[in-house]
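So the structure is just underneath, and the comments pick up after that.
2 protein chains.
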Amino acid sequence: MILRPKLAPIIDALPSTVPFVGPEAQERARGDVFRARIGANESSFGPAPSVIARMAEAAPEMWKYCDPDNYDLKAALAAHLGISLSNVVVGEGIDGLLGLIVRMYAGPNTPVVTSRGAYPTFNFHVAGVGARLVPVPFRDDREDREGLLEAVKRENAPLVYLSNPDNPMGTWWEAADIQRFADSLPETTMLILDEAYGELAPESARLPLQVTRPNLVVMRTFSKAYGLAGIRCGYAIGEETVIAAFERIRNHYGVSKMAQIAGEAALADQDYLRSVVDRVMAGRARITAIAEANGLTALPSATNFVTIDCCGGADFAGAVMQTLLSRGVFIRKPMVPVLDRCIRISIGLDRELDIFAEELPAALKAARGG
Amino acid sequence: MILRPKLAPIIDALPSTVPFVGPEAQERARGDVFRARIGANESSFGPAPSVIARMAEAAPEMWKYCDPDNYDLKAALAAHLGISLSNVVVGEGIDGLLGLIVRMYAGPNTPVVTSRGAYPTFNFHVAGVGARLVPVPFRDDREDREGLLEAVKRENAPLVYLSNPDNPMGTWWEAADIQRFADSLPETTMLILDEAYGELAPESARLPLQVTRPNLVVMRTFSKAYGLAGIRCGYAIGEETVIAAFERIRNHYGVSKMAQIAGEAALADQDYLRSVVDRVMAGRARITAIAEANGLTALPSATNFVTIDCCGGADFAGAVMQTLLSRGVFIRKPMVPVLDRCIRISIGLDRELDIFAEELPAALKAARGG
Numbered sequence: 001m002i003l004r005p006k007l008a009p010i011i012d013a014l015p016s017t018v019p020f021v022g023p024e025a026q027e028r029a030r031g032d033v034f035r036a037r038i039g040a041n042e043s044s045f046g047p048a049p050s051v052i053a054r055m056a057e058a059a060p061e062m063w064k065y066c067d068p069d070n071y072d073l074k075a076a077l078a079a080h081l082g083i084s085l086s087n088v089v090v091g092e093g094i095d096g097l098l099g100l101i102v103r104m105y106a107g108p109n110t111p112v113v114t115s116r117g118a119y120p121t122f123n124f125h126v127a128g129v130g131a132r133l134v135p136v137p138f139r140d141d142r143e144d145r146e147g148l149l150e151a152v153k154r155e156n157a158p159l160v161y162l163s164n165p166d167n168p169m170g171t172w173w174e175a176a177d178i179q180r181f182a183d184s185l186p187e188t189t190m191l192i193l194d195e196a197y198g199e200l201a202p203e204s205a206r207l208p209l210q211v212t213r214p215n216l217v218v219m220r221t222f223s224k225a226y227g228l229a230g231i232r233c234g235y236a237i238g239e240e241t242v243i244a245a246f247e248r249i250r251n252h253y254g255v256s257k258m259a260q261i262a263g264e265a266a267l268a269d270q271d272y273l274r275s276v277v278d279r280v281m282a283g284r285a286r287i288t289a290i291a292e293a294n295g296l297t298a299l300p301s302a303t304n305f306v307t308i309d310c311c312g313g314a315d316f317a318g319a320v321m322q323t324l325l326s327r328g329v330f331i332r333k334p335m336v337p338v339l340d341r342c343i344r345i346s347i348g349l350d351r352e353l354d355i356f357a358e359e360l361p362a363a364l365k366a367a368r369g370g
Numbered sequence: 371m372i373l374r375p376k377l378a379p380i381i382d383a384l385p386s387t388v389p390f391v392g393p394e395a396q397e398r399a400r401g402d403v404f405r406a407r408i409g410a411n412e413s414s415f416g417p418a419p420s421v422i423a424r425m426a427e428a429a430p431e432m433w434k435y436c437d438p439d440n441y442d443l444k445a446a447l448a449a450h451l452g453i454s455l456s457n458v459v460v461g462e463g464i465d466g467l468l469g470l471i472v473r474m475y476a477g478p479n480t481p482v483v484t485s486r487g488a489y490p491t492f493n494f495h496v497a498g499v500g501a502r503l504v505p506v507p508f509r510d511d512r513e514d515r516e517g518l519l520e521a522v523k524r525e526n527a528p529l530v531y532l533s534n535p536d537n538p539m540g541t542w543w544e545a546a547d548i549q550r551f552a553d554s555l556p557e558t559t560m561l562i563l564d565e566a567y568g569e570l571a572p573e574s575a576r577l578p579l580q581v582t583r584p585n586l587v588v589m590r591t592f593s594k595a596y597g598l599a600g601i602r603c604g605y606a607i608g609e610e611t612v613i614a615a616f617e618r619i620r621n622h623y624g625v626s627k628m629a630q631i632a633g634e635a636a637l638a639d640q641d642y643l644r645s646v647v648d649r650v651m652a653g654r655a656r657i658t659a660i661a662e663a664n665g666l667t668a669l670p671s672a673t674n675f676v677t678i679d680c681c682g683g684a685d686f687a688g689a690v691m692q693t694l695l696s697r698g699v700f701i702r703k704p705m706v707p708v709l710d711r712c713i714r715i716s717i718g719l720d721r722e723l724d725i726f727a728e729e730l731p732a733a734l735k736a737a738r739g740g
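Chain order of the listed sequences is L and Z.
First residue of the first sequence? That's 1 in my numbering, and the numbers climb one at a time after it.
First residue of the second sequence? That's 371 in my numbering, and the numbers climb one at a time after it.
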């Protein structure tokens with residue numbers, strides 16, 4: 001028998017399969033590219049032309065290591081947000097920051113509260129430290145604040161995750177409701193408020209920043225409204241001793257120089273951001289109209305996607321998705337009951353939504369056994 | 371008294387200061403940019419023109435998430451190295467991969483063996499999981515294989531780190547010596563062989579890949595010879611079940627789409643790589659000549675830097691470095707006895723080495739109290 005190095009028990013116990021299937025893997029499997037890429041809540045409108053130009057210009061400089069302090073980007077964020085540099089930390093997308101905050105506050109068997117069917121990458125990181133996920137069902141297609149609070153108290157959980165607006169339903173709470181939720185939490189429970197879609201939500205849904213509160217971290221990203229999902233750059237905002245704790249374990253050279261430059265340039269082009277928000281709102285209306293024209297119900301959305309209730313069960317919605325995928329339309333869907341009666345359509349370009357409008361009736365017909 | 375969320379004990383015990391001072395921070399402190407950037411072992415020659423063109427071309431595509439499988443890059447690496455895709459994992463530089471492998475094999479109080487004064491980021495990650503660093507002094511300015519082996523056996527350590535060629539001294543072992551070291555390790559001890567500078571070393575110093583060995587992981591990077599330090603892309607090669615374990619905890623969306631594209635393009639331009647190796651060899655000779663012209667001793671190097679014995683103590687070498695820094699020449703130096711008698715000069719452009727040659731005599735004079 002060959003002896004081998006032993007994995008740490010937590011890692012050894014983890015499943016070897018992970019739920020990250022990118023559209024590229026699906027394209028490789030089907031041997032063809034998708035005609036419409038409207039499944040990953042990316043911004044088909046792309047980064048701002050000013051950002052593209054800045055990235056191209058910066059390419060020859062990539063021989064230099066990135067600034068491990070992310071100074072220029074943090075200074076730009078601090079100025080934009082009206083906070084101090086000590087209140088912000090930059091990471092490899094919100095994904096990277098979620099991995100860190102879980103390590104900061106959880107360990108083996110720590111209860112960590114989230115909504116059932118919410119962001120799977122958070123759950124992946126919770127499992128990665130051997131912590132115990134406490135999932136609370138959505139209620140009426142929204143994250144259930146009362147249910148989350150009850151779970152936090154019952155479990156004495158040090159960490160609770162809430163996204164606003166949320167993924168995969170696209171629904172949201174007003175800032176005042178989030179504030180009440182935050183205020184009702186034990187002081188010893190850290191609230192991770194994921195505002196990945198924040199720039200696309202109504203002003204009234206964005207929690208005013210409060211950087212003196214030691215049990216709130218707000219996460220934002222350049223992946224969504226700013227159209228930079230591929231560059232991997234997110235940031236977390238919080239009280240300075242909380243932010244300082246990220247410094248103790250983060251990969252200080254994890255966020256590329258290109259990402260820091262692109263993020264700074266994106267922040268400087270707020271006109272472009274506003275134009276994207278307008279196009280996203282038009283896209284929501286378009287997808288809603290397509291759903292209604294097919295007798296389906298579109299959920300209200302504050303994000304760059306629209307979740308559509310297919311008005312059948314999970315199998316029906318799954319069949320609709322599979323047909324669309326097979327016809328070259330990349331979409332995704334929620335996977336847990338009762339959210340799984342829905343499909344989720346990202347706001348693509350007009351020509352991508354044209355393809356969706358063309359293909360949806362046949363997909364519904366096929367799912368109905370037609 | 372304000373209650374607050376409690377940090378996990380391991381994180382709470384970590385120091386809040388970290389040893390990552392980038393040249394950008396030093397430039398901000400001195401209020402001026404460096405005239406010569408020859409301190410971080412970057413490649414002043416830059417990425418290949420073909421890679422720069424590919425990055426510029428890819429910039430508009432950055433709205434798409436990166437492929438979480440890193441498929442195209444891994445396929446290119448596998449073809450280049452003659453291994454299978456299941457033998458390679460891509461990460462946010464070697465730094466990111468070191469953070470993962472430490473989590474995979476170490477936990478609270480696990481003994482982890484390295485050389486004293488070797489790569490500090492490895493030590494940072496070891497501390498980050500609460501493991502216990504067992505540092506073994508360099509011997510005759512090289513990593514001490516016998517000493518490392520003795521420490522592994524004494525401590526029953528599951529993890530040992532060795533870089534070849536090494537940083538900060540630039541020295542190296544022949545592959546046959548490394549092979550004997552690997553063969554002498556207990557089967558339950560994982561050897562992390564950091565070949566960040568591998569492409570710059572003599573062929574005879576590069577360990578032939580052996581992907582069926584469950585206690586060896588070789589790490590390489592696009593940061594050094596390929597001139598892409600700012601893009602954050604490294605990779606680890608190993609036996610497939612070892613590589614599979616990385617998948618359980620890595621940030622699947624951690625390596626940017628730009629990095630994956632740049633890495634693939636860099637690999638495709640081996641002519642450029644060869645031209646860089648030639649220029650690095652010329653640079654080594656030039657720095658050695660400058661050292662000798664000043665009565666100092668340059669160590670032999672298989673890397674893109676030359677470590678120079680200033681032939682005084684640590685304070686003397688420190689004073690030389692400080693004067694150079696104050697004169698706009700960014701260099702670094704080893705910090706632990708007895709390596710700390712040296713300064714470390716990266717192979718820069720001719721005009722950067724001209725500045726070094728100009729400034730060194732005055733820096734030596736100042737350090738001698740002159």
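All residues carry an ideal CB built from backbone N, CA and C; glycine is no exception.
All values derive from a computational prediction rather than experimental measurement.
C-beta contact flag for residue i and residue j at 7 Å
i	j	result
H80 (chain L)	G99 (chain L)	no
A245 (chain L)	M104 (chain L)	yes
E352 (chain L)	G624 (chain Z)	no
I343 (chain L)	A366 (chain L)	no
G263 (chain L)	L73 (chain L)	yes
P111 (chain L)	A157 (chain L)	yes
A266 (chain L)	V51 (chain L)	yes
F415 (chain Z)	R649 (chain Z)	yes
V690 (chain Z)	A733 (chain Z)	yes
A56 (chain L)	A426 (chain Z)	yes
S223 (chain L)	D194 (chain L)	no
A661 (chain Z)	I678 (chain Z)	yes
D378 (chain Z)	G107 (chain L)	One point to set straight first is that residue 378 (chain Z) is Ala, not Asp, in the sequence displayed. Closer than 7 Å, so yes.
A595 (chain Z)	V646 (chain Z)	yes
Range covered by the alpha helix (DSSP H) that runs through residue i
i	result
Y475 (chain Z)	463-475
G283 (chain L)	270-293
V242 (chain L)	240-247
I38 (chain L)	Careful: I38 (chain L) lies outside any alpha helix (DSSP H) and carries neither H nor E.
S696 (chain Z)	684-696
R351 (chain L)	350-367
F494 (chain Z)	490-498
Closer than 7 Å at the beta carbon, the chain Z residues around residue i
i	result
N109 (chain L)	Result: empty, since nearest Cβ-Cβ is about 12 Å, beyond 7 Å.
Contact list for residue i against chain L, beta-carbon separation under 9 Å
i	result
P535 (chain Z)	Residues of chain L passing the Cβ test: none, with the nearest at roughly 19 Å.
Amino acids of chain L, ordered along the chain, whose beta-carbon sits closer than 8 Å to that of residue i
i	result
M560 (chain Z)	P5
P430 (chain Z)	G46, P47, I52
E565 (chain Z)	The contacting residues do not exist; E565 (chain Z) stays about 18 Å from chain L at best.
E617 (chain Z)	S16, V18
Boundaries (first-last residue) of the beta strand (DSSP E) holding residue i
i	result
M425 (chain Z)	Careful: M425 (chain Z) lies outside any beta strand (DSSP E), inside the alpha helix (DSSP H) at 419-428.
I713 (chain Z)	712-716
S115 (chain L)	111-115
M560 (chain Z)	560-564
S533 (chain Z)	529-533
I678 (chain Z)	675-679
Assumed close pair residue i, residue j - CB separation to whole angstroms, cut-off 8 Å
i	j	result
M589 (chain Z)	G600 (chain Z)	Not a contact, Cβ separation roughly 18 Å.
N585 (chain Z)	T559 (chain Z)	6 Å
F330 (chain L)	I345 (chain L)	At roughly 10 Å, the Cβ-Cβ gap does not stay under 8 Å, so F330 (chain L) and I345 (chain L) are not in contact.
V373 (chain L)	L191 (chain L)	Absent from the model: residue 373 (chain L). The displayed extent of chain L is 1 to 370, so no value can be given.
P334 (chain L)	P168 (chain L)	4 Å
V102 (chain L)	V136 (chain L)	Contact doesn't hold; Cβ gap of about 17 Å is too wide.
F508 (chain Z)	L709 (chain Z)	6 Å
DSSP beta-bridge partners of residue i
i	result
I83 (chain L)	BP columns for I83 (chain L) are empty, so no partner.
P505 (chain Z)	Z:T484
L216 (chain L)	L:L191
F700 (chain Z)	Z:R407
Any non-hydrogen atom of the ligand GDP within 6 Å of residue i CB
i	result
L193 (chain L)	Because no ligand of any kind appears in the structure shown, any question about the ligand GDP cannot be addressed here.
Beta-carbon neighbours of residue i, restricted to chain L and to distances below 7 Å
i	result
R761 (chain Z)	Because chain Z here runs from 371 to 740, residue 761 (chain Z) falls outside it and cannot be looked at.
Residue i: contacting residues in chain Z (beta-carbon distance under 8 Å)
i	result
M55 (chain L)	M425, A426, A429, M432, M628
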